[in-house]
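Asker: Dropping a structure here in structure tokens format, bear with me for questions.
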Amino acid sequence: MNNSIYEKGLAVVLIITIIIMTAIGIKLSGKEKEIIFTNYSDVEQNGEAHNNEVKETFIYVDIDGAVNNPGVYGLYEGSRVIDAINKAGGLKEKAVTQNLNKAKKLTDGEKIYIYEEGDAEIISDNEIGNTLININTASADSLMTLPGIGEVYAKKIIDYRSIKKFTSIEEIKNVDGIGDKTFDKIKELITIN
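The C-terminal residue of the sequence shown carries number 241 in the numbering used here, and the numbering is unbroken.
Dropping the structure here:
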């Protein structure tokens, strides 16, 4: 009689264990589907990912200056400047970041330069008139300090120079939307050297 009760209890414990293990297995298999990434070769001909896969796009940014490991890094699309800094091993002790927007979203092919104490090219609010901005190397943030140049035009300048470097400051007028009026406002503030 005691063996019968013992056997029934053991059977109940085994059934409960099987149910719990099955539930855990179902949850884990569901999580795996959520983190599958689509390779570009897995994308269907029309450019759409399969239903149970999530497509992650990578961008590449070049980070240089006062970071521990300067270089080109691949980041998820939508990453911010702080993500690139972390990927590059963090900031050096003498990094100057007061003019750096660490929350800015990055674009593919962007160049980030972190200034270090003593760099002659640091642009601060009271130095804008005294420092020329190199349109071949300046970050989007630096370009946006120029009169009439906002985020859209800064991106257009960066896109233009990624194909062909500027050989004269007048060539900036070849960038879509930058005409004589804008050029007259910025010509004393920019350089190509």
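The C-beta atom is built at its ideal place from N, Cα and C for all residues, glycine as well.
Source: prediction; values computed, not measured.
(1) Spell out the partners DSSP gives E164 in its beta bridges.
(2) Under 6 Å Cβ to Cβ from K142, same chain only, skipping five residues before and after it: list those, please.
(3) Specify the secondary structure class of V223 as computed by DSSP and reduced to three states.
(4) Between which two residues does the alpha helix (DSSP H) carrying I107 extend?
(5) Which of the three DSSP states, helix, strand or coil, is assigned to D148?
(6) Sorted by chain position, which residues of the same chain lie with C-beta nearer than 6 Å to V120's C-beta, five sequence neighbours on each side aside?
(7) Give me the Cα-Cα distance between P118 and I226, rounded to the nearest whole angstrom.
(8) Is the CB-CB distance between R128 and K159 below 7 Å?
(9) Within the continuous beta strand (DSSP E) that includes L123, where are the two ends?
(10) In this structure, does DSSP put N241 in helix, strand or coil?
(11) Going by C-alpha distance, which of I133, E104, G126 is nearest G113?
Answerer: Considering the structure as presented:
(1) Taking the sequence shown and counting its residues from 1, one reaches residue 164 at position 116. Its beta-bridge partners are A143.
(2) Looking up residue 142 in the sequence shown gives position 94. Cβ neighbours of K142 beyond the five flanking positions: E164, E165.
(3) Locating residue 223 in the sequence shown gives position 175, counting from the first residue. In this structure, V223 counts as coil in the three-state DSSP scheme.
(4) Indexing the sequence shown from 1 puts residue 107 at position 59. From DSSP, I107 is part of no alpha helix (DSSP H) but of the beta strand (DSSP E) over 106 to 113.
(5) Within the sequence shown, residue 148 is the residue found at index 100, counting from 1. Note on identity: in this sequence residue 148 is Leu, with Asp being the wrong assignment. The answer is coil: DSSP assigns L148 none of H, G, I, E or B.
(6) Residue numbering aside, residue 120 sits at position 72 when the sequence shown is read from its first letter. Here the set comprises Y108, D110.
(7) Start at 1 with the first residue of the sequence shown, and residue 118 comes out as number 70. Start at 1 with the first residue of the sequence shown, and residue 226 comes out as number 178. Looking at the two C-alpha atoms, the distance is approximately 32 Å.
(8) Within the sequence shown, numbered from 1, the residue matching residue 128 stands at position 80. Within the sequence shown, numbered from 1, the residue matching residue 159 stands at position 111. Not closer than 7 Å, so no.
(9) One-based indexing of the sequence shown puts residue 123 at position 75. Taken as a continuous stretch (DSSP letters only), the beta strand (DSSP E) holding L123 covers 119 to 124.
(10) For the purposes of this step, residue 241 is taken as residue 193 along the sequence shown, with counting starting at 1. Three-state DSSP puts N241 in coil, outside helix and strand.
(11) In the sequence shown, residue 113 corresponds to position 65, counting from 1. Ranking the options by Cα distance to G113, first place goes to I133.
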